[in-house]
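S.K.: Quick one: structure below, then a few questions.
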Amino acid sequence: MIDIKFLRENSDIVKENIKKKFQDEKLELVDKVIELDKKTRELKADGDNLRMMRKKLSDEIGQLFKEKKVDLANQNKEKVKELNEKLTIMEQQEEELNKEIRKIMLVIPNIIDPSVPIGHDDSENVEMERFGEPVVPNYEIPYHADILESFSGIDKDASGRTSGNGFYFLIGDMARLHSAMLSYARDFMINKGFTYCIPPFMIRSDVVNGVMSFSEMENMMYKIEGEDLYLIGTSEHSMIGRFKDQLIKEENLPITLTSYSPCFRKEVGAHGIEERGVYRVHQFEKQEMVVLCKPEDSMKWYKKMYEFTVEFFRSLDIPVRTLECCSGDLADLKVKSCDVEAWSPRQQKYFEVGSCSTLGDAQARRLGIRTKGEKGTYFVHTLNNTVLATPRALIALLENNYQEDGSIKVPKALQPYMGGIEVIK
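Just so you know, we're using our numbering here: the sequence shown kicks off at 5 and counts up by one.
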């Protein structure tokens, strides 16, 4: 959410930013906010004048009674009563206007970083860098569901009976490999100095509204019927919500956290839930990293965070590339974002396995997360990044470590988590 003072003084910049995101239908909202803000400030000024009058009259009442000027004192009391009634109406009007302003401000997109490429959608994202040599072996790489089935490692028929489409059972060595990746991701981030955390897997609506836009919520999140609770789509939601309405000591920044959670997503409007595979599903598991820092440090952490993900995947012998997300592909709260994509030797192309984003002070402003230092009190910056999201990362690992005889080579980094197994046959 943009600072109302910034919007008031820089409406042209806000409008240009909306155009860069190809959301021209929101341009009129800027003028509407400015108009409502003007009315709110006028109401507040009038209210302040009435409060000064009320105080003056109230101070006089006691003195008038002392001087036994009872009639004048009672007249003042009536005037105070009238002022109170006017103030009550004005305060209600001001509250309603502020609610309307906030409602609109929540849908005006955050100001993107000047370095973000301009484009309509993810087809116009820009490749940044490649890491590792993308290899296509001289033998066929089966579809990932077939690889899993060859090890009796997946049962989607049973999950269809228990839960419906978009779910899966992982079994045996494949389930163990899945868990090994998560355990390794946890330790990888702990070794980078991040504090490990397991958050709540459900959050209230006020936290949801603080961490994401309404349209994202509608398309992503499952609501618990009859309760003000939502299943999280990523642990970032709980992790940022943890600091709601908190004043953090500046000397405690940056706060660097890595969190594990299952993730639940409707995937409304996506490319379709897979019938056989596990690339796009309703439930998966994830190791996330979250950083709260000073504004001047956010871009430094942004680069450092996605580089951690690149390093993690390279340690698993998986070639990756990074993509700069264009303006039209950025969610409204994001200042800048990049995707990490893993190489698929079967498809001979890259596919998304993670995303890194800096949101400036948008989430902190919505949730009231502030810090206090020598320069006063201000909102922190928040960032999030995927270390590992399974089972997508599992797909990448299986394809890039698939051997001609149908076995799976276990990367050295995972062998301690697999009981020393070097090859799964």
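Idealized CB from N, CA, C, for every residue including glycine.
Nearest by alpha-carbon distance to R208: which of M243, C201 and M185 is it?
M.R.: As a first step, residue 208 must be located in the sequence shown, where it is residue number 204. Comparing Cα positions, the closest option is M243.
S.K.: For L387 versus Y306, is the C-beta spacing smaller than 8 Å?
M.R.: The residue given as residue 387 occupies position 383 in the sequence shown. The residue given as residue 306 occupies position 302 in the sequence shown. A contact, by the Cβ cut-off of 8 Å.
S.K.: Given this structure, state the Cα-to-Cα distance separating I105 from L40, to the nearest angstrom.
M.R.: Against the sequence shown, residue 105 aligns to sequence position 101. Against the sequence shown, residue 40 aligns to sequence position 36. Those two C-alpha atoms are separated by around 7 Å.
S.K.: Please list the terminal residues of the continuous beta strand (DSSP E) segment that includes Y188.
M.R.: The residue labelled residue 188 in the question sits at position 184 within the sequence shown. In the DSSP annotation of this structure, Y188 is not part of any beta strand (DSSP E); the continuous alpha helix (DSSP H) holding it starts and ends at G176 to I194.
S.K.: So, does the stretch 83–94 touch the stretch 46–65, judging by three or more C-beta pairs under 8 Å?
M.R.: yes
S.K.: Rounded to the nearest angstrom, how far is the Cβ of I151 from that of Y406, given a contact under 8 Å?
M.R.: Your numbering for residue 151 matches position 147 in the sequence shown. Your numbering for residue 406 matches position 402 in the sequence shown. That pair is a contact at about 6 Å.
S.K.: Please state the DSSP three-state secondary structure of E328.
M.R.: In the sequence shown, the residue the question calls residue 328 occupies position 324. Residue state, collapsed to three classes: strand.
S.K.: Enumerate in chain order the residues of its own chain whose CB-to-CB distance from I175 is below 8 Å, with the five nearest sequence positions on each side excluded.
M.R.: If you number the sequence shown from 1, residue 175 lands on position 171. So the qualifying residues of the chain are S156, G157, I158 and D159.
S.K.: Would you identify the three-state DSSP class for S265, choosing helix, strand or coil?
M.R.: On the sequence shown, residue 265 is found 261 positions in, with the first residue counted as 1. In this structure, S265 counts as strand in the three-state DSSP scheme.
S.K.: Leaving aside the five residues before and after F247 along the sequence, list all residues of the same chain whose C-beta is less than 6 Å from its C-beta, in chain order.
M.R.: Reading the sequence shown from its first residue, position 243 is the one you call residue 247. Answer for F247: I373, listed in chain order.
S.K.: Any idea if L251 is buried or exposed, counting beta-carbon neighbours within 10 angstroms, 16 or more meaning buried?
M.R.: Here residue 251 corresponds to residue number 247 of the sequence shown, with the count starting at 1. Exposed, by the Cβ-count rule.
S.K.: Which residues does DSSP pair with L296 in a beta bridge?
M.R.: Working through the sequence shown from its first residue, we reach residue 296 at position 292. Note: L296 sits in a beta bridge opposite I259 and T386.
S.K.: List the DSSP bridge partners of Q27.
M.R.: Here residue 27 refers to the residue found at position 23 when the sequence shown is read from its first residue. BP columns for Q27 are empty, so no partner.
S.K.: Alpha carbon to alpha carbon, how far is L33 from D75?
M.R.: Here residue 33 refers to the residue found at position 29 when the sequence shown is read from its first residue. Here residue 75 refers to the residue found at position 71 when the sequence shown is read from its first residue. Rounded to whole angstroms, L33 to D75 spans 52 Å at the Cα level.
S.K.: For the alpha helix (DSSP H) containing D161, list its first residue and its last residue.
M.R.: Position 157 of the sequence shown, counting from 1, holds the residue named residue 161. Taken as a continuous stretch (DSSP letters only), the alpha helix (DSSP H) holding D161 covers K160 to T166.
S.K.: Could you work out which residue in E240, G281 and K48 is closest to Q97 when comparing CA atoms only?
M.R.: If you number the sequence shown from 1, residue 97 lands on position 93. Q97 has its Cα closest to that of K48, out of E240, G281 and K48.
S.K.: Can you tell which of K227, I259, F69 and G245 has the C-alpha that lies nearest to the C-alpha of R269?
M.R.: Looking up residue 269 in the sequence shown gives position 265. The residue with the shortest Cα to Cα distance from R269 is K227.
S.K.: By the 10 Å Cβ neighbour count, where 16 or more other Cβ atoms means buried, how is F10 classified, buried or exposed?
M.R.: Taking the first residue of the sequence shown as position 1, residue 10 is located at position 6. With fewer than 16 other Cβ atoms within 10 Å, it is exposed.
S.K.: Check whether the Cβ atoms of T394 and H182 sit closer than 8 Å, and answer yes or no.
M.R.: In the sequence shown, counting from the first residue as 1, residue 394 sits at position 390. In the sequence shown, counting from the first residue as 1, residue 182 sits at position 178. Cβ atoms of T394 and H182: closer than 8 Å.
S.K.: In three-state DSSP terms, what is G364?
M.R.: The residue labelled residue 364 in the question sits at position 360 within the sequence shown. It is coil, neither helix nor strand.
S.K.: What residues match up with A393 in a beta bridge as DSSP calls it?
M.R.: Translated into the one-based positions of the sequence shown, residue 393 becomes position 389. Partner(s): K290.
S.K.: How is M216 classed by DSSP in three states: helix, strand or coil?
M.R.: As a working mapping, residue 216 is identified with position 212 in the sequence shown. Reduced to three states, the DSSP call for M216 is coil.
S.K.: Work out the CA separation of G237 and M224 for me, nearest whole Å.
M.R.: For the purposes of this step, residue 224 is identified with residue 220 of the sequence shown, where counting begins at 1. For the purposes of this step, residue 237 is identified with residue 233 of the sequence shown, where counting begins at 1. For M224 and G237, the gap between their C-alpha atoms comes out near 7 Å.
S.K.: Mind reading off the beta-carbon distance from C360 to M309? Whole number of angstroms is fine, and I expect it under 8 Å.
M.R.: One-based indexing of the sequence shown puts residue 360 at position 356. One-based indexing of the sequence shown puts residue 309 at position 305. With a Cβ gap of about 5 Å, C360 and M309 count as contacting.
S.K.: Return the Cβ separation of E345 and E328 in integer angstroms, given the expectation that the two are a contact with Cβ distance under 8 Å.
M.R.: Against the sequence shown, residue 345 aligns to sequence position 341. Against the sequence shown, residue 328 aligns to sequence position 324. Actually they do not touch by this definition, with Cβ atoms about 12 Å apart.
S.K.: Taking the C-alpha atoms as reference points, what is the distance between F312 and Q351?
M.R.: Start at 1 with the first residue of the sequence shown, and residue 312 comes out as number 308. Start at 1 with the first residue of the sequence shown, and residue 351 comes out as number 347. Straight-line Cα distance between these residues: approximately 25 Å.
S.K.: Mind reading off the beta-carbon distance from G245 to L371? Whole number of angstroms is fine, and I expect it under 8 Å.
M.R.: As a first step, residue 245 is located in the sequence shown; it is residue number 241 there, counting from the start. As a first step, residue 371 is located in the sequence shown; it is residue number 367 there, counting from the start. Their Cβ separation, rounded to whole angstroms, is 7 Å, which keeps G245 and L371 in contact under 8 Å.
S.K.: Since T326 contacts E133 with CB under 8 Å, what's their CB separation in whole angstroms?
M.R.: In the sequence shown, counting from the first residue as 1, residue 326 sits at position 322. In the sequence shown, counting from the first residue as 1, residue 133 sits at position 129. About 5 Å; that satisfies the 8 Å criterion.
S.K.: I need the straight-line Cα distance from D191 to T390, nearest angstrom please.
M.R.: The sequence position of residue 191 within the sequence shown is 187, counting from 1. The sequence position of residue 390 within the sequence shown is 386, counting from 1. One C-alpha to the other measures close to 14 Å.
S.K.: So what's T381 in DSSP terms, helix, strand or just coil?
M.R.: In the sequence shown, the residue the question calls residue 381 occupies position 377. T381: strand per DSSP, three-state reduction.
S.K.: Taking DSSP as the reference, what is the three-state secondary structure of D333?
M.R.: Counting from 1 along the sequence shown, the entry for residue 333 is found at position 329. It is helical.
S.K.: Which partner residues of A346 appear in the DSSP bridge assignment?
M.R.: The count along the sequence shown starts at 1 and reaches residue 346 at position 342. V324 and F355.
S.K.: In or out: T92 buried (at least 16 other Cβ within 10 Å) or exposed?
M.R.: One-based indexing of the sequence shown puts residue 92 at position 88. The residue is exposed, with fewer than 16 neighbouring Cβ atoms inside 10 Å.
S.K.: According to DSSP, is M225 helix, strand or coil?
M.R.: Numbered from its first residue, the sequence shown carries residue 225 at position 221. Coil, per DSSP.
S.K.: Taking I259 as the reference, which of D333, T199 and L235 has the closest Cα?
M.R.: Your numbering for residue 259 matches position 255 in the sequence shown. Per the Cα distances, T199.
S.K.: Is R45 helix, strand or coil when you go by DSSP?
M.R.: As a first step, residue 45 must be located in the sequence shown, where it is residue number 41. The answer is helix: DSSP assigns R45 an H, G or I state.
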